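Peer 1: Chains as they are written, first to last, in this note's numbering: chain W, 27 to 186; chain U, 30 to 200.
Positions of the beta carbon are idealized from the N, C-alpha and C atoms, including for glycine.
Computed from a predicted model, the values in this text were never measured in an experiment.
Just dropping this structure here.
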Amino acid sequence: MIATFVLLVMLQVKVPDAAQAVGAPQGTPLSGPPLERRTMEIASEVRCPVCQGLAIGDSPSLMAANMKAEVREMLSRGYTEAQILSYFEKSYGQFVLLKPKFQGVNALVWILPMLILAIGFVIVVSKAKKLETAPVAPAAEPEVGEDSYLARVREMVEKQ
Amino acid sequence: MNRTVLIIGLLIVVAIVFVLFACLGKDPQHIESPLIGHPAPPFALKAVGTGETIDLQSLRGKPVVVNFWATWCVPCYEEHPTLVANARNLPDVQFVGVVFNDTEDKINRFLDERGKAYPTLLDANGKTAIAYGVGGVPETFFINPAGNIVAKFEGPLSTEQLQADLAKAMR
């Protein structure tokens with residue numbers, strides 16, 4: 027990461043900085059294995075813009091590699107997960123978040139499955155209650171059926 | 030009971046058909062840019078060939094067309110003549126090419142073979158592309174004289190499209 031900064035200074039170039047979009051880092055700078063672990067965790071939450079439903083952590087594309095490097099660099103500078111996700115959201119919109127936010131139309135993604143589950147539960151319970159309260163068929167009825175059946179058999183036997 | 034099942038089934042079918050009709054024609058790669066109407070992320074990058082540093086801030090006061098492209102992108106070959114021709118015809122508009130995930134050698138060869146009319150900047154690690162929410166190349170951003178992004182176009186530009194988006198930047 028430091029090498030990248032040095033290289034950019036040597037090249038005398040200024041690239042857009044995350045601080046302009048999400049302010050100063052609010053976390054602790056990471057390095058070593060924790061940095062790699064957190065990079066992979068956050069990379070699994072960011073959608074690769076050139077792939078079909080893949081996270082940048084799973085995509086082999088160059089764009090995803092650049093974005094993953096950005097995640098790593100921001101973590102090494104002390105940016106928090108919320109700041110990193112917010113940075114990508116400011117550029118790409120909510121499209122880039124693999125876990126949609128609970129707001130606007132996106133809320134339906136969270137509400138609908140629970141609503142359908144609740145409706146299903148109510149239907150099952152009401153049906154079960156109906157079965158419990160349904161009047162038990164009179165015991166004689168099958169016998170009536172049986173009798174009529176036997177009567178028909180007898181009739182056929184007699185005819186022969 | 031059968032009637033209830035029929036109504037629920039019909040509702041589900043209607044909902045599915047509605048979603049299919051509403052979404053099937055859409056491009057899954059299309060990203061609605063949240064940057065439109067907001068200040069363009071600032072950058073100062075080295076121009077390929079000349080080594081001159083071009084600072085976006087210094088271009089304030091005139092419309093700017095920022096075109097993200099790469100030599101490995103086939104549609105970029107298609108739109109390059111359009112950009113070059115318009116850059117030559119519109120001296121009051123500043124065209125800027127930004128190339129990422131590419132090498133200077135390849136860019137120079139491309140420009141030597143296909144012509145150049147405006148600075149091409151090297152975004153070595155794709156940071157500028159990320160700040161602009163670039164999903165793929167080519168992608169073009171139109172910036173008004175006040176420095177705000179007014180339009181974004183994904184894919185190879187035609188002259189008609191370029192002039193339509195540029196008109197928004199000139200208002």
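Closest Cβ-Cβ distance between A7 (chain W) and chain U: below 9 Å?
Peer 2: No information on residue 7 (chain W) is available, as it lies outside the stretch 27 to 186 that chain W covers here.
Peer 1: Use the C-beta contact count for R138 (chain U): other C-beta atoms within 10 angstroms, 16 or more gives buried, fewer gives exposed.
Peer 2: Exposed, by the Cβ-count rule.
Peer 1: So with CB distances below 7 Å, who are the chain W contacts of G90 (chain U)?
Peer 2: Going along chain W, no residue has its Cβ under 7 Å from G90 (chain U), so there is no contact; the nearest lies around 19 Å.
Peer 1: Identify every residue that forms a DSSP beta bridge with Q123 (chain U).
Peer 2: DSSP output for Q123 (chain U) lists U:V93 as bridge partner(s).
Peer 1: Consult DSSP for P68 (chain U) and reduce its assignment to one of helix, strand or coil.
Peer 2: Reduced to three states, the DSSP call for P68 (chain U) is strand.
Peer 1: Buried or exposed, going by whether 16 or more other CB atoms sit within 10 Å of the CB of D152 (chain U)?
Peer 2: That one is buried.
Peer 1: Write down every uninterrupted run of the alpha helix (DSSP H) in the stretch 94 to 176 of chain W whose length is 4 residues or greater and which is fully enclosed by it, in chain order.
Peer 2: Those alpha helix (DSSP H) runs which fall completely within the stretch 94 to 176 of chain W and span 4+ residues are 107 to 118 and 133 to 159.
Peer 1: Can you give me, in chain order, the residues of the stretch 113 to 135 of chain W that have a beta carbon less than 9 Å from any beta carbon in chain U?
Peer 2: The stretch 113 to 135 of chain W vs chain U, Cβ under 9 Å: Y113, F114, E115, K116, S117, Y118, G119, Q120, F121 and V122.
Peer 1: Could you please give the first and the last residue of the uninterrupted beta strand (DSSP E) stretch that includes E168 (chain U)?
Peer 2: Here the beta strand (DSSP E) through E168 (chain U) covers E168 to I172.
Peer 1: Could you pull out every residue in the same chain whose Cβ sits closer than 7 Å to the Cβ of S187 (chain U), ignoring the five residues on either side in sequence?
Peer 2: Within the same chain, S187 (chain U) has close Cβ partners T111.
Peer 1: Please determine if the stretch 61 to 73 of chain W and the stretch 162 to 179 of chain U are in contact, where contact requires at least 3 C-beta pairs separated by less than 8 Å.
Peer 2: No: fewer than three Cβ pairs fall under 8 Å.
Peer 1: Flag V76 (chain W) as yes if its beta-carbon sits less than 9 Å from any beta-carbon of chain U, otherwise no.
Peer 2: So, interface residue.
Peer 1: Could you confirm whether any beta carbon from chain U is found closer than 9 Å to the beta carbon of V148 (chain W)?
Peer 2: False, the Cβ-Cβ gap to chain U never drops below 9 Å.
Peer 1: Quick check on the DSSP output: the alpha helix (DSSP H) that includes D84 (chain U) runs from which residue to which?
Peer 2: Looking at the DSSP string, D84 (chain U) is not in any alpha helix (DSSP H); the run it does join, the beta strand (DSSP E), is T82 to D84.
Peer 1: If we call anything under 9 Å between Cβ atoms a contact, is H109 (chain U) one with W98 (chain U)?
Peer 2: Yes, Cβ-Cβ distance for H109 (chain U) and W98 (chain U) is below 9 Å.
Peer 1: Just the Cα atoms here: how many angstroms apart are V150 (chain W) and I36 (chain U)?
Peer 2: Those two C-alpha atoms are separated by around 18 Å.
Peer 1: Could you have a look at R200 (chain U) and say whether DSSP puts it in helix, strand or coil?
Peer 2: Looking at R200 (chain U) - three-state DSSP - the assignment turns out to be coil, as it is neither helix nor strand.
Peer 1: Within 9 Å of any Cβ in chain W, is that where the Cβ of Y161 (chain U) sits?
Peer 2: So, interface residue.
Peer 1: So, under 8 Å CB-CB, S85 (chain W) and Y161 (chain U) are touching, yes? Tell me the CB distance rounded to an integer number of Å.
Peer 2: S85 (chain W) to Y161 (chain U), Cβ: 19 Å. No contact.
Peer 1: Counting only the same chain and skipping the five closest in sequence on each side, list residues whose C-beta sits under 6 Å from that of E168 (chain U).
Peer 2: Once the five neighbours on either side are set aside, the close Cβ partners of E168 (chain U) are F97 and E183.
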